[in-house]
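Protein chains in written order, with the working numbering: chain A, 39 to 344; chain B, 89 to 276.
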Amino acid sequence: MDERQEELAALNALHMLEGDEQRALDGACVSDKELRALNNELEQVALELARLITPVEPPADMKKRIRAKIRSRGGPGAFGVSRGVILGTAGWALAAGLAVASVWLWNERSKLIEQHASAVRAIAAAIPASSPAEEKKEARSLEDELKSIRADYEKKQAALNAEIESLRKRETEAQTRITQLTAETEALKKQDAEAQLQIAKLQSKVWEYRRSEMSIVWDGRRGQGVIMLEKMPLAEPGTDYQLWVVDPGKPDPVSAGVITVDDKGSAKTVFKTVVPVGESSAKFALSVENKGGVPKNKGPIVFIGP
Amino acid sequence: MSQPELNDEELLQRAGRRDMRAFEQLYDKLAPRLHGLLRQMLHDEREAEDVLQDSFVHLWDRAPAFDPARSKAFTWVVMIVRHKAIDRMRMLGRRNRLVESAALEHSALGGDSPDSADADLETSERAAAVREALRELPKDQRQLIEFAFLKGLTHHVIAESLNLPLGTVKTHIRRGLLRLRDLLKGGD
Numbered sequence: 039m040d041e042r043q044e045e046l047a048a049l050n051a052l053h054m055l056e057g058d059e060q061r062a063l064d065g066a067c068v069s070d071k072e073l074r075a076l077n078n079e080l081e082q083v084a085l086e087l088a089r090l091i092t093p094v095e096p097p098a099d100m101k102k103r104i105r106a107k108i109r110s111r112g113g114p115g116a117f118g119v120s121r122g123v124i125l126g127t128a129g130w131a132l133a134a135g136l137a138v139a140s141v142w143l144w145n146e147r148s149k150l151i152e153q154h155a156s157a158v159r160a161i162a163a164a165i166p167a168s169s170p171a172e173e174k175k176e177a178r179s180l181e182d183e184l185k186s187i188r189a190d191y192e193k194k195q196a197a198l199n200a201e202i203e204s205l206r207k208r209e210t211e212a213q214t215r216i217t218q219l220t221a222e223t224e225a226l227k228k229q230d231a232e233a234q235l236q237i238a239k240l241q242s243k244v245w246e247y248r249r250s251e252m253s254i255v256w257d258g259r260r261g262q263g264v265i266m267l268e269k270m271p272l273a274e275p276g277t278d279y280q281l282w283v284v285d286p287g288k289p290d291p292v293s294a295g296v297i298t299v300d301d302k303g304s305a306k307t308v309f310k311t312v313v314p315v316g317e318s319s320a321k322f323a324l325s326v327e328n329k330g331g332v333p334k335n336k337g338p339i340v341f342i343g344p
Numbered sequence: 089m090s091q092p093e094l095n096d097e098e099l100l101q102r103a104g105r106r107d108m109r110a111f112e113q114l115y116d117k118l119a120p121r122l123h124g125l126l127r128q129m130l131h132d133e134r135e136a137e138d139v140l141q142d143s144f145v146h147l148w149d150r151a152p153a154f155d156p157a158r159s160k161a162f163t164w165v166v167m168i169v170r171h172k173a174i175d176r177m178r179m180l181g182r183r184n185r186l187v188e189s190a191a192l193e194h195s196a197l198g199g200d201s202p203d204s205a206d207a208d209l210e211t212s213e214r215a216a217a218v219r220e221a222l223r224e225l226p227k228d229q230r231q232l233i234e235f236a237f238l239k240g241l242t243h244h245v246i247a248e249s250l251n252l253p254l255g256t257v258k259t260h261i262r263r264g265l266l267r268l269r270d271l272l273k274g275g276d
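In structure tokens, the structure reads:
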């Protein structure tokens with residue numbers, strides 16, 4: 039510890055420091071135990087000087103004023119916390135705030151009742167020991183004190199009631215808003231679900247299938263779809279049409295099953311891949327394969343796309 | 089039933105346990121001296137009363153935190169009151185200037201003899217020890233420490249008000265307080 043630090047500690051003991059010097063000392067005290075001890079020691083010494091102050095009696099009613107002020111404040115800490123909670127934006131926070139405020143209000147009421155009861159007891163206890171004039175004076179003084187506490191309490195209660203009312207209004211508004219947002223969310227979810235569907239209408243580039251049409255509706259998330267075929271030539275004996283889903287993430291097309299075409303060359307059926315495929319955009323292919331289908335595409339592809 | 093005679097530390101600890109009667113007893117013992125201090129610092133009766141009231145309300149709130157192992161009740165209370173007074177001075181813009189009515193001759197700590205307000209022996213003995221130690225200091229150091237204690241001003245303002253070099257103010261305060269500490273510890 040150097041002389042400069044001693045000097046700062048001495049000036050601090052008399053509360054003469056401000057700004058940078060105060061911060062410098064506080065900072066040095068954190069790491070220097072000896073300086074911290076000196077700082078405390080000198081402050082205690084300086085405060086002892088107050089013993090030499092010439093006493094001056096405060097006003098007679100000062101003690102009563104202090105007592106009334108202490109009693110009238112009730113539980114400001116609790117209110118401070120509840121207000122912080124109440125001012126949140128969500129509906130549940132508002133409701134919680136209301137509940138805390140109500141509890142605080144109820145406590146205030148209980149305290150007032152208790153204070154009133156104590157005052158009544160104090161008046162009752164004072165009666166036998168005092169003269170009638172003193173009793174009257176004391177009673178009046180206590181009554182005044184009670185009136186003052188009650189006035190303070192009523193003021194706080196009115197302010198709280200107004201705040202609760204305003205919070206209720208905000209809660210209603212918040213709930214309305216939540217309902218609107220929920221509806222909007224549902225609508226968006228629906229739109230999103232629809233957006234997952236892939237619809238494709240394909241034309242074949244193979245001469246024999248030039249008039250044929252293949253339509254696919256594919257739900258990638260569920261891994262299933264619907265295929266519709268029109269104006270298809272009948273499959274040759276010993277062969278079947280087989281549908282494939284071409285997943286960019288897989289090396290080979292994944293089989294979605296054999297598609298049976300009726301006498302009119304039409305087919306409409308739900309299909310599902312034999313193994314799961316990715317949700318990203320898929321391609322579809324229709325090939326002619328051996329009867330009953332094959333695990334891996336071998337035959338000619340008549341449709342592919344989109 | 090009257091409360092048994094308790095010292096300041098016991099009263100403050102009881103106040104910390106929400107004993108209003110102990111708190112009022114503490115008020116009776118300390119308020120006059122604190123009021124005297126506030127009048128000297130603030131030079132305004134209304135402000136002094138207001139700060140005294142605020143200080144005691146604050147004291148009631150802070151009483152549970154009082155630790156007798158760390159400080160005496162008296163110095164702890166004086167510290168709270170002085171901080172409140174300095175805050176008020178800042179608010180009134182008086183921290184950085186000397187109020188015209190505050191002259192050096194009014195800034196001596198009072199009483200050449202023990203005060204009758206010190207009802208208990210311990211308090212009165214401690215006051216006598218402080219008085220005696222203060223007397224031992226060189227006049228320049230003593231006057232400066234008394235002035236600083238009673239005015240609640242920064243060292244810059246004190247140097248300016250008393251027309252003294254800043255270095256002299258700092259040195260006198262440092263030497264004076266260190267000496268005072270040694271004297272109160274019983275050293276020479």
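The beta carbon of each residue, even a glycine, is placed where N, CA and C say it ideally should be.
Item, Value
"Beta carbon proximity, Asn78/A to chain B, threshold 9 Å", "yes"
"CA nearest to the CA of Leu46/A, picked from Ser249/B, Val165/B, Leu271/B, His244/B", "His244/B"
"Stretch pair the segment 256-267 of chain A + the segment 298-305 of chain A: three plus CB contacts closer than 8 Å", "yes"
"Check whether Ala84/A and Ala62/A have beta carbons under 9 Å apart", "no"
"Nearest to Val313/A (by Cα), restricted to the options Gly295/A, Asp70/A, Ala48/A, Leu80/A", "Gly295/A"
"Buried or exposed (CB count within 10 angstroms, at least 16 for buried), Gln101/B", "buried"
"Neighbour list for Ala48/A in chain B, Cβ cutoff strictly below 9 Å", "Lys258, Ile261, Arg262, Arg263, Gly264, Leu265, Leu266"
"Residue range of the unbroken beta strand (DSSP E) whose run includes Glu327/A", "321-328"
"Phe341/A: first and last residue of the uninterrupted beta strand (DSSP E) it sits in", "339-343"
"DSSP-derived helix/strand/coil call for Thr220/A", "helix"
"Buried or exposed (CB count within 10 angstroms, at least 16 for buried), Pro96/A", "buried"
"Gly343/A versus Glu222/A: straight-line alpha-carbon distance, rounded", "35 Å"
"Contact list for Leu63/A against chain B, beta-carbon separation under 7 Å", "Neighbours of Leu63/A on chain B: none; closest Cβ ~13 Å, over 7 Å."
"Close beta carbons around Pro338/A, own chain, < 8 Å, minus the five adjacent residues each side", "Val244, Ser325, Val326"
"Ala48/A beta carbon less than 9 Å from that of Leu266/B", "yes"
"Listed by chain order, chain B residues near Ala51/A by CB distance under 8 Å", "Leu265"
"Runs of alpha helix (DSSP H) lying entirely within the segment 234-271 of chain B, each at least 4 residues, in chain order", "243-249"
"Per-residue burial, Pro275/A [other beta carbons within 10 Å of its own, 16 or more giving buried]", "exposed"
"Contact with chain A by Leu192/B, beta-carbon distance below 9 Å", "In this prediction, Leu192/B scores a pLDDT of 47, lower than 50, which makes its location untrustworthy; the coordinate-derived value is nonetheless stated afterwards. Chain A contact via Cβ: absent."
"Amino acids of chain B, ordered along the chain, whose beta-carbon sits closer than 8 Å to that of Val83/A", "Leu265, Leu268, Arg269, Leu272"
"Whole-number beta carbon distance between Ser143/B and Leu125/B, since they are thought to touch under 8 Å", "With a Cβ gap of about 10 Å, Leu125/B and Ser143/B do not count as contacting."
"From Gly261/A, Arg248/A, Ala200/A, Thr92/A, residue whose alpha carbon lies closest to that of Thr311/A", "Gly261/A"
"Chain A contact for Gln128/B (CB, 9 Å cutoff)", "yes"
"Whole-Å CB distance - Leu130/B paired with Leu114/B, under 8 Å assumed", "Leu130/B to Leu114/B, Cβ: 22 Å. No contact."
"Unbroken beta strand (DSSP E) run spanning Thr307/A, endpoints", "305-310"
"Any chain B beta carbon closer than 9 Å to Met54/A", "yes"
"Buried/exposed call for Leu209/B, threshold 16 Cβ in 10 Å", "exposed"
"Presumed contact (8 Å Cβ cut-off) between Ser164/B and Ala103/B, rounded CB distance", "For the record, residue 164/B in the displayed sequence is Trp; it is not Ser. Trp164/B to Ala103/B, Cβ: 12 Å. No contact."
"Host beta strand (DSSP E) of Val284/A (start-end)", "277-284"
"Identified DSSP bridge partners for Ser293/A", "Trp282/A"
"Closest Cα partner of Leu90/A within the set Arg150/B, Asp132/B, Ala153/B, Val166/B", "Val166/B"
"Residues that Met179/B contacts on chain A, provided the C-beta gap is smaller than 9 Å", "Those do not exist, as Met179/B stays about 14 Å from chain A at its closest Cβ, beyond 9 Å."
"Segment limits, alpha helix (DSSP H) that includes Gly287/A", "From DSSP, Gly287/A is part of no alpha helix (DSSP H); its letter is neither H nor E."
"Expected contact under 8 Å - CB spacing of Leu238/B and Gln128/B to nearest Å", "5 Å"
"Ordered list of alpha helix (DSSP H) runs contained in the segment 41-66 of chain A, each at least 4 residues", "41-51"
"Sequence-distant residues of the same chain with beta carbon closer than 7 Å to Lys329/A, five excluded per side", "Gly276, Thr277, Asp278"
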